[in-house]
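Below: the structure, in structure tokens.
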Amino acid sequence: MNILAQKKSRWLEGGIHGFLFFCAFLSILTTVTIVVSLVWESIPFFFEVAPLDFLLGTTWQPLIVPREYGVLPLVVGTLQIVVGSALVAIPIGVCCAIYLSEYASPRMRKIVKPTLEVLAGIPTIVYGYFALTAITPVLKSIYSGTETYNAASASIVVGIMILPMIASLCDDALRAVPGSLRQGAMALGATRFEALTRVIFPAALSGITASFVLAFSRAVGETMAVSIAAGATPSMSFLPTESIQTMTAFIVQVSMGDTPRGTPEYHAIFAVGMLLFLITLGINMVAHRVLRKYREVYE
Amino acid sequence: MSWLDTANLNLRKRRRRALYFKSICSLFTWSCFVLLAVLLVHVGHKGVGLIDVDFLRNAPSWRPEDCGIWPAIAGSLWMMGLTALISIPCGVSAALYLEEFAPKNRWAHLIDVNISNLAGVPSIVYGILGATVFVRFLALEQSVLAGSLTMSLLVLPVIIIASREAIRAVPSTIRHAALALGATPWQTVVHHVLPTALAGILTGVILALSRAIGETAPLITIGAVAYISDAPAGPMDSFTVLPLQIYSWTTKAQSEFQDLAAGGIVALLVFLVIMNGIAVWIRHRAEGNAN
Amino acid sequence: MTQMKIQPNKFNQGSEPEKEAPDPRQDSALSAEHVTIRYGNTVAVDDVGLAFAANQITAIIGPSGCGKSTFLRAFNRMNDFIPSASLEGAIRFQGIDIYDPAVDPVEVRLRIGMVFQKPNPFPKTIYKNVAWGPQINGFKGDLDELVENSLRSAAIWDEVKDRLHKSALGLSGGQQQRLCIARTLAMQSEVILMDEPCSALDPLSTGRVEDLMLELKQNHTFVIVTHNMQQASRASDYTAFMEAGKLVEFDHTEKMFQNPSNQRTEDYVSGRFG
Numbered sequence: 004m005n006i007l008a009q010k011k012s013r014w015l016e017g018g019i020h021g022f023l024f025f026c027a028f029l030s031i032l033t034t035v036t037i038v039v040s041l042v043w044e045s046i047p048f049f050f051e052v053a054p055l056d057f058l059l060g061t062t063w064q065p066l067i068v069p070r071e072y073g074v075l076p077l078v079v080g081t082l083q084i085v086v087g088s089a090l091v092a093i094p095i096g097v098c099c100a101i102y103l104s105e106y107a108s109p110r111m112r113k114i115v116k117p118t119l120e121v122l123a124g125i126p127t128i129v130y131g132y133f134a135l136t137a138i139t140p141v142l143k144s145i146y147s148g149t150e151t152y153n154a155a156s157a158s159i160v161v162g163i164m165i166l167p168m169i170a171s172l173c174d175d176a177l178r179a180v181p182g183s184l185r186q187g188a189m190a191l192g193a194t195r196f197e198a199l200t201r202v203i204f205p206a207a208l209s210g211i212t213a214s215f216v217l218a219f220s221r222a223v224g225e226t227m228a229v230s231i232a233a234g235a236t237p238s239m240s241f242l243p244t245e246s247i248q249t250m251t252a253f254i255v256q257v258s259m260g261d262t263p264r265g266t267p268e269y270h271a272i273f274a275v276g277m278l279l280f281l282i283t284l285g286i287n288m289v290a291h292r293v294l295r296k297y298r299e300v301y302e
Numbered sequence: 021m022s023w024l025d026t027a028n029l030n031l032r033k034r035r036r037r038a039l040y041f042k043s044i045c046s047l048f049t050w051s052c053f054v055l056l057a058v059l060l061v062h063v064g065h066k067g068v069g070l071i072d073v074d075f076l077r078n079a080p081s082w083r084p085e086d087c088g089i090w091p092a093i094a095g096s097l098w099m100m101g102l103t104a105l106i107s108i109p110c111g112v113s114a115a116l117y118l119e120e121f122a123p124k125n126r127w128a129h130l131i132d133v134n135i136s137n138l139a140g141v142p143s144i145v146y147g148i149l150g151a152t153v154f155v156r157f158l159a160l161e162q163s164v165l166a167g168s169l170t171m172s173l174l175v176l177p178v179i180i181i182a183s184r185e186a187i188r189a190v191p192s193t194i195r196h197a198a199l200a201l202g203a204t205p206w207q208t209v210v211h212h213v214l215p216t217a218l219a220g221i222l223t224g225v226i227l228a229l230s231r232a233i234g235e236t237a238p239l240i241t242i243g244a245v246a247y248i249s250d251a252p253a254g255p256m257d258s259f260t261v262l263p264l265q266i267y268s269w270t271t272k273a274q275s276e277f278q279d280l281a282a283g284g285i286v287a288l289l290v291f292l293v294i295m296n297g298i299a300v301w302i303r304h305r306a307e308g309n310a311n
Numbered sequence: 379m380t381q382m383k384i385q386p387n388k389f390n391q392g393s394e395p396e397k398e399a400p401d402p403r404q405d406s407a408l409s410a411e412h413v414t415i416r417y418g419n420t421v422a423v424d425d426v427g428l429a430f431a432a433n434q435i436t437a438i439i440g441p442s443g444c445g446k447s448t449f450l451r452a453f454n455r456m457n458d459f460i461p462s463a464s465l466e467g468a469i470r471f472q473g474i475d476i477y478d479p480a481v482d483p484v485e486v487r488l489r490i491g492m493v494f495q496k497p498n499p500f501p502k503t504i505y506k507n508v509a510w511g512p513q514i515n516g517f518k519g520d521l522d523e524l525v526e527n528s529l530r531s532a533a534i535w536d537e538v539k540d541r542l543h544k545s546a547l548g549l550s551g552g553q554q555q556r557l558c559i560a561r562t563l564a565m566q567s568e569v570i571l572m573d574e575p576c577s578a579l580d581p582l583s584t585g586r587v588e589d590l591m592l593e594l595k596q597n598h599t600f601v602i603v604t605h606n607m608q609q610a611s612r613a614s615d616y617t618a619f620m621e622a623g624k625l626v627e628f629d630h631t632e633k634m635f636q637n638p639s640n641q642r643t644e645d646y647v648s649g650r651f652g
């Protein structure tokens with residue numbers, strides 16, 4: 004009887020085990036489904052538009068005739084947001100991280116860290132509203148030629164959004180550098196600034212780089228703030244005062260509109276979505292590889 | 021005789037440079053506080069005054085002065101509840117499997133890498149997945165269920181990663197003690213590992229759900245719309261959520277509607293503050309118990 | 379950076395070693411007067427007075443946790459980086475109190491170098507590890523020559539001369555520690571403090587480091603903290619024994635190991651505790 008009971012519980016445990024495995028396997032399933040649905044739905048698109056024309060074309064005009072499906076303007080728009088937000092977020096984020104890891108007292112850390120967490124936790128829609136109703140008017144008052152929807156405003160707000168990520172990842176990277184290196188540098192007559200810039204910062208460089216790369220990937224995928232603030236005008240120009248469109252904003256534009264299902268312009272969102280997925284996946288994989296490498300050095 | 025005796029140490033100049041650098045760093049750090057303050061004040065001074073009983077009770081309307089956010093609040097609550105029901109069991113189970121049961125082989129590594137990559141996939145891509153699979157393939161249409169399933173997939177990696185960290189923090193001595201008393205691995209996990217890791221898991225879950233409640237893009241892609249006049253009554257009803265309502269008001273040209281958006285944002289932020297407050301409270305209590 | 383609390387002019391003769399003991403203070407390079415160091419409310423070093431003779435090797439021994447490392451780190455103000463640490467008393471280097479507010483700690487560390495317990499080479503090339511300190515401090519001579527001489531003095535030149543521009547992290551533990559010594563030697567500081575420099579090394583490397591000190595003491599004053607009594611007896615001229623933050627006895631090394639005046643010292647050096 005005892006043995007039977009045990010056997011029954013083994014069965015039960017086997018079932019539970021299976022369920023747990025299924026849940027873990029779900030993540031693989033998600034990836035596969037993402038890839039399959041993106042590929043499946045963009046096949047009709049690529050029957051109409053040659054892949055090379057899509058990738059290398061410089062006019063994106065899917066919603067009005069004559070329709071053109073050159074994705075480069077969307078890529079350029081996305082790139083503009085990435086570069087602009089990096090210009091905002093990298094200096095502030097890195098300085099924050101240095102302040103946190105080098106200069107801040109434990110009490111100061113206890114105030115700054117949650118502030119960054121709050122900034123990171125604010126929904127992107129709120130940032131979009133902020134860009135349109137606060138940043139854009141300021142930009143307009145500085146330079147009157149600024150359009151209502153413009154790349155600069157969106158870049159600044161995306162910069163604010165990715166700032167906490169850069170700050171906290173760089174802080175981790177700087178703190179992972181063994182304290183003995185700082186002591187060694189100071190014992191050789193370095194000031195704290197010299198120890199930081201000449202020894203600690205270079206030692207943490209791969210971690211810092213990885214944080215930038217992860218932040219770029221966030222900026223590439225950022226949707227609501229750029230949809231609201233940057234407008235819907237695909238453009239190859241690099242003028243920050245003008246309206247642009249990013250890959251994500253195009254997907255939103257089509258989803259919000261009444262584009263009929265089954266048309267090439269509808270399937271275009273899957274082609275753009277696939278490109279977006281591949282770009283962010285590539286960036287993330289690079290970042291994780293860099294991160295793993297630098298962890299190996301010190302652990 | 022040392023070269024130090026004749027070297028030009030330039031200490032004053034070096035000290036000054038160090039001081040400038042420190043000042044710049046603290047200046048930038050303070051600018052984060054300023055940014056947050058400006059953001060909150062900007063939204064607050066327009067939005068707080070709008071919030072009254074009518075605003076919370078009414079449905080959106082073409083007349084700004086009649087507008088309310090009740091359908092959006094109800095939709096957000098529905099979606100959050102369903103998302104929690106779906107994603108928490110799945111996420112915690114997956115974390116348990118990966119930490120406690122998974123053999124350390126190539127599959128486990130693959131799942132590992134896959135999860136960290138999924139966490140970096142833009143939310144709008146999940147929206148595309150939801151539109152294809154849930155809305156059309158499973159014919160759930162633009163229902164709360166379709167939205168919640170999409171959102172669940174989106175927050176799963178976050179829940180799994182947070183739960184794994186909490187489970188990993190449970191000292192292995194506890195497991196060994198339980199196993200040595202003849203418990204099965206499953207009993208060990210249910211009786212000892214999970215209760216110990218519970219606070220950490222809950223904190224991660226709440227943070228993941230706060231992310232879900234603020235997400236807009238995937239719901240736009242699956243076709244949820246802002247012009248809903250009633251709160252959903254069941255999981256198959258169509259719905260809207262707070263961020264969508266805010267988006268639709270923000271993109272209207274009239275400034276009255278943009279002010280309504282500020283009101284909606286204040287409501288959304290209150291939601292988030294409550295959820296994060298609960299998370300902080302749980303963490304605090306757990307630390308209290310541990311000491 | 380936290381400044382330490384300084385209480386000047388509290389010098390007195392209280393903890394002078396016994397009469398027949400030598401008085402290295404006559405030409406001492408470095409001395410501590412009534413030094414008390416606290417971490418918060420915990421007293422780590424309790425009213426210790428000690429003077430290190432110039433061009434001699436002084437060993438500080440004692441059981442772990444007796445405060446000997448904390449005491450050593452006070453001599454080049456490395457405790458400044460521990461926010462809770464505070465110091466009373468005075469530490470004099472060439473007659474100047476190094477905790478005087480007018481004294482720049484960077485200058486103190488230039489004159490009083492330090493080698494740490496664990497080798498801590500920078501993740502840079504071997505050459506840059508040695509050249510770095512002189513470079514940031516305005517060295518104007520022939521850098522290559524200085525690097526070579528320093529590496530030769532640290533008895534590691536032959537092992538690394540063909541890989542000067544490779545990463546220092548590729549060296550073995552013993553080589554890394556000798557590189558760190560070379561790095562310190564390149565500063566040509568008068569005093570070199572060593573905080574258990576051999577605790578992570580094998581016996582062969584340990585012997586090398588000890589030989590090094592004996593060779594280099596013509597030009598430098600060494601203070602070495604060690605838990606290894608054989609090392610103290612082999613390599614040092616003077617030995618100080620500390621216990622529970624207090625200085626128990628200080629004398630010529632020979633006398634300390636053969637005929638100590640204090641019973642506790644005798645118990646410790648004969649291995650009865652610690």
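Protein chains in written order, with my numbering: chain E, 4 to 302; chain C, 21 to 311; chain S, 379 to 652. Quick reminder that beta carbons are idealized off the backbone N, C-alpha and C, glycines included. Every value quoted in this text rests on a predicted model; they were computed, and no experiment measured them.
Return helix, strand or coil for residue i, following the three-state DSSP convention.
i	result
Trp269/C	helix
Met620/S	strand
Ala407/S	strand
Ser258/C	strand
Arg416/S	strand
Gln609/S	helix
Tyr152/E	coil
Gly659/S	What the structure shows of chain S is the stretch from 379 to 652, and residue 659/S is not part of that stretch, so it cannot be assessed.
Thr503/S	strand
Leu579/S	coil
Glu394/S	Unreliable placement is indicated for Glu394/S, whose pLDDT of 42 sits below 50; the coordinate value is still reported in the next sentence. In this structure, Glu394/S counts as coil in the three-state DSSP scheme.
Thr599/S	strand
Ala422/S	strand
Ser639/S	coil
Glu235/C	coil
As a quick exercise: from the options, pick the residue whose alpha carbon is nearest that of residue i.
i	options	result
Ser258/C	Lys272/C, Val73/C, Ile266/C and Ile242/C	Ile242/C
Met256/C	Ser168/C, Leu118/C, Ile294/C and Leu280/C	Ser168/C
Asp132/C	Pro117/E, Leu82/E, Pro65/E and Leu29/E	Leu29/E
Thr223/C	Val300/C, Gly254/C, Thr260/C and Glu276/C	Val300/C
Thr170/C	Leu39/C, Val210/C, Tyr117/C and Met100/C	Met100/C
Ala53/E	Pro267/E, Val141/E, Val85/E and Met288/E	Pro267/E
Ser88/E	Pro76/E, Gly124/E, Ala233/E and Cys26/E	Ala233/E
Ile165/E	Asp174/E, Pro140/E, Thr149/E and Leu122/E	Leu122/E
Arg305/C	Leu264/C, Leu218/C and Ser275/C	Leu218/C
Val484/S	Asp458/S, Val426/S and Gln472/S	Asp458/S
Considering just the uninterrupted stretch of the beta strand (DSSP E) at residue i, what are its terminal residues?
i	result
Ala92/C	Run containing Ala92/C: none in the beta strand (DSSP E); it sits in the alpha helix (DSSP H), Trp90 to Leu116.
Gly131/E	Counting along the chain, Gly131/E falls outside any beta strand (DSSP E), though it belongs to the alpha helix (DSSP H) covering Thr127 to Phe133.
Leu465/S	Ala463 to Phe471
Ala437/S	Ile435 to Ile439
Val209/C	Element bounds for Val209/C: n/a, residue is neither H nor E.
Met456/S	Note, Met456/S: premise wrong, no beta strand (DSSP E); not H, not E.
In the DSSP assignment, the alpha helix (DSSP H) including residue i goes from what residue to what residue?
i	result
Asp86/C	Segment: none, Asp86/C is in no alpha helix (DSSP H) and carries neither H nor E.
Glu568/S	Neither: Glu568/S is in no alpha helix (DSSP H) and is coded neither H nor E.
Ile145/E	Thr139 to Ile145
Tell me, to the nearest whole angstrom, how far the beta carbon of residue i is from that of residue j; I am working on the premise that it is less than 8 Å.
i	j	result
Ser143/C	Glu235/C	6 Å
Arg455/S	Ile476/S	7 Å
Ile602/S	Pro638/S	Wrong, their Cβ atoms sit about 19 Å apart, outside the cutoff.
**Prompt:** Taking any Cβ of chain B, which residues in the segment 243-257 of chain C have a Cβ under 8 Å from it, in chain order?
**Reply:** The structure shown contains no chain B; the protein chains it does contain are E, C and S.
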